[in-house]
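There are 2 protein chains.
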Amino acid sequence: MAVTDAALCAPFAPLVVRIIAEAQVIDDRIIKIDHFLNHRIDAVLMQAIGAELARRVAPFMPDLVLTAEASGIPPALTTALALGVPLVYAKKYAPLTELPAYSRIVPSPTRGGDYRLAVARAVLPADARVVLIDDFLANGGTAAALAEIIAEAGARLVAAGFVVEKTFQRGRERLAIHGPPPVAVLAQVARLAGGRVVMAATAQR
Amino acid sequence: MAVTDAALCAPFAPLVVRIIAEAQVIDDRIIKIDHFLNHRIDAVLMQAIGAELARRVAPFMPDLVLTAEASGIPPALTTALALGVPLVYAKKYAPLTELPAYSRIVPSPTRGGDYRLAVARAVLPADARVVLIDDFLANGGTAAALAEIIAEAGARLVAAGFVVEKTFQRGRERLAIHGPPPVAVLAQVARLAGGRVVMAATAQR
Chain A
349 MAVTDAALCA PFAPLVVRII AEAQVIDDRI IKIDHFLNHR IDAVLMQAIG
399 AELARRVAPF MPDLVLTAEA SGIPPALTTA LALGVPLVYA KKYAPLTELP
449 AYSRIVPSPT RGGDYRLAVA RAVLPADARV VLIDDFLANG GTAAALAEII
499 AEAGARLVAA GFVVEKTFQR GRERLAIHGP PPVAVLAQVA RLAGGRVVMA
549 ATAQR
Chain B
349 MAVTDAALCA PFAPLVVRII AEAQVIDDRI IKIDHFLNHR IDAVLMQAIG
399 AELARRVAPF MPDLVLTAEA SGIPPALTTA LALGVPLVYA KKYAPLTELP
449 AYSRIVPSPT RGGDYRLAVA RAVLPADARV VLIDDFLANG GTAAALAEII
499 AEAGARLVAA GFVVEKTFQR GRERLAIHGP PPVAVLAQVA RLAGGRVVMA
549 ATAQR
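Chains as they are written, first to last, in this note's numbering: chain A, 349 to 553; chain B, 349 to 553.
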């Protein structure tokens, strides 16, 4: 593969500078950047994020972007716009809902409670070359559920892209269960310590 | 006001032709266009929808787009991109959750059950000129809740924009409770009959 992991996960400066300057560190596992990445969206930055994710995953020739509602939708939509392909977002339902669809139950550590992620069969064709996009790769619960849904549909997960990866959690391992896809990340957080964000690139210096 | 209601609600041809050709009429109140408007998103069409909504609401000089997760996010984000302003989306929580935020309980006729829509105080400033954007204006429950949140924040609802309005429901009346904002709509569905969608423009001929 000509695309190296270092290139796929190089720090994206317009994002990294804002995380370092503006992220609120809630505890040693949770950072809040919801005033520009989710809840409130800086539209110009989100367009740049989508363009950069698209540039990094384009070599894997995806023809569909898949994400989960709700916070995955902004980066997934701007990535889909830059790639010129459709976007499918998995919908959330109560865990007990039975649906005529591909679905998986996902635990929600930040909001509490489990939920069911579902994708209608009609919108995920068996021949699709799917790129999975989400705002965060943390414990990998959502990503693993989407990867299983892609596999169940008979489609192919050709790459994954995340705006922020918390490398100290085990998301990448869980995503790799179904064959490790190439993973693009724009900002890798190595740890949260003393109210500060330590980026992976900084930590490696 | 120089902007007429007819201009604000003129049929947007690229959308209307697809609704007429592809919408599934579930019963006399529900249409499904989730293979290009929500669930699966035609990114190119969604960008055109955002550009058109932005063009229609721009005269009211909004400086913030407000919507509700999840299906409001795609048209709201492309509208925000075209306007060059930030997007805030209200988050959904269980009705009983108490939050340090502006919030309202909204009934959900399509998915069942009530939920709480919430906007953190920090992302909705009192001097904001807000345009409310959503995919559907149907019974107006979401729109009315967002209008109340805007009023509670001391911000100003300068206009609203919807991709599709079901004019046979009472959404516009409920939205007008807090002073009727100018409303832009790209496709007005007058009724659903015999498995067919009847557009308002067609009905008026």
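Built from N, CA and C at the ideal position, the CB exists for glycine as well.
Shortest alpha-carbon distance to residue i belongs to which of the options?
i      : options                        : result
B:R398 : B:G543, B:A538, B:L425         : According to the sequence provided, residue 398 of chain B is Gly. The question's Arg does not apply to it. Out of B:G543, B:A538, B:L425, B:L425 has the C-alpha closest to the C-alpha of B:G398.
B:V392 : B:P362, B:R403, B:G420, B:I379 : B:P362
A:L465 : A:V479, A:V478, A:P448, A:D475 : A:P448
B:G502 : B:R469, B:R520, B:L523         : B:R469
B:P455 : B:A492, B:P473, B:I421         : B:A492
B:V373 : B:A508, B:P423, B:L494, B:K514 : B:K514
B:L480 : B:V365, B:I498, B:V471, B:I381 : B:I498
A:V511 : A:T427, A:D376, A:V478         : A:T427
A:V436 : B:L385, B:C357, B:R504         : B:L385
A:I421 : A:A355, A:F484, A:S451, A:G461 : A:F484
A:G543 : A:R504, A:A369, A:A355         : A:A369
A:V471 : B:V351, B:I389, B:D375         : B:I389
A:P457 : A:L431, A:Q517, A:V364         : A:Q517
A:V478 : A:L431, A:I367, A:A355         : A:L431
A:P434 : B:P434, B:R504, B:E446, B:H387 : B:H387
Residue j and residue i - do their beta-carbons sit closer together than 7 Å?
i      : j      : result
A:A541 : A:A548 : no
A:V506 : A:P410 : yes
A:L429 : A:A476 : no
A:D353 : A:T415 : no
A:A418 : A:V545 : no
B:R404 : B:A532 : yes
A:G488 : A:L444 : no
B:Y441 : B:V467 : no
Could you check the C-alpha separation between residue i and residue j for me, to the nearest Å?
i      : j      : result
B:M349 : B:I525 : Confidence in B:M349 is poor, its pLDDT being 48 and thus under 50, which makes the residue's placement unreliable; the coordinate value appears in the next sentence. About 20 Å.
B:R520 : B:A402 : 20 Å
A:T550 : A:E400 : The predicted model places A:T550 with a pLDDT of 49, which falls under 50 and marks its position as unreliable; any figure quoted below should be read in that light. Each residue's alpha carbon lies about 21 Å from the other.
B:V395 : A:M394 : One detail in the question is off: residue 395 of chain B reads as Gln in this sequence, not Val. Whole-angstrom Cα-Cα distance: 14 Å.
A:A438 : A:L494 : 8 Å
B:A474 : B:R377 : 37 Å
A:R452 : B:G527 : 43 Å
A:P359 : A:G509 : 13 Å
A:G461 : A:D382 : 21 Å
A:L356 : A:V364 : 15 Å
B:K380 : B:I367 : 9 Å
A:L534 : B:E500 : 37 Å
A:D375 : B:E446 : 21 Å
A:V351 : A:Q536 : 18 Å
A:P423 : A:P530 : 18 Å
B:E496 : A:Y463 : 28 Å
A:T490 : B:R504 : 37 Å
For residue i, return the contacting residues in chain A, with the cut-off set at a CB-CB distance below 8 Å.
i      : result
B:A428 : I389, A391
B:A418 : E417, A418, I421, Y437, K439, K440
B:Q395 : L429
Hey, does residue i have any beta-carbon neighbour from chain E nearer than 7 Å?
i      : result
A:L425 : Absent from the structure is chain E; the protein chains it does hold are A and B.
Which residues does DSSP pair with residue i in a beta bridge?
i      : result
B:A371 : Paired residues: none, contrary to the question.
A:R388 : B:V436
B:Q536 : B:E513
A:T415 : A:Y437
B:V546 : B:R539
B:P455 : B:D462
A:D483 : Bridge partners of A:D483: none, in fact.
A:I578 : The displayed coordinates of chain A run from 349 to 553. Any statement about residue 578 of chain A would go beyond what the structure contains.
B:R469 : Paired residues: none, contrary to the question.
A:A396 : Paired residues: none, contrary to the question.
B:R504 : B:R477
B:A449 : B:A468
Cβ closer than 7 Å: which chain B residues qualify as neighbours of residue i?
i      : result
A:A468 : H387
A:P434 : R388, I389, D390, A391
What residues of chain B sit near residue i, judged by a beta carbon separation below 8 Å?
i      : result
A:P530 : Residues of chain B passing the Cβ test: none, with the nearest at roughly 22 Å.
Residue i touches chain A at which residues, Cβ-Cβ below 7 Å?
i      : result
B:V471 : H383, H387, R388
Looking at residue i and the ligand PLP, is the gap between the Cβ and the nearest heavy atom below 6 Å?
i      : result
B:T415 : The ligand PLP is not part of this structure, which contains no ligands at all.
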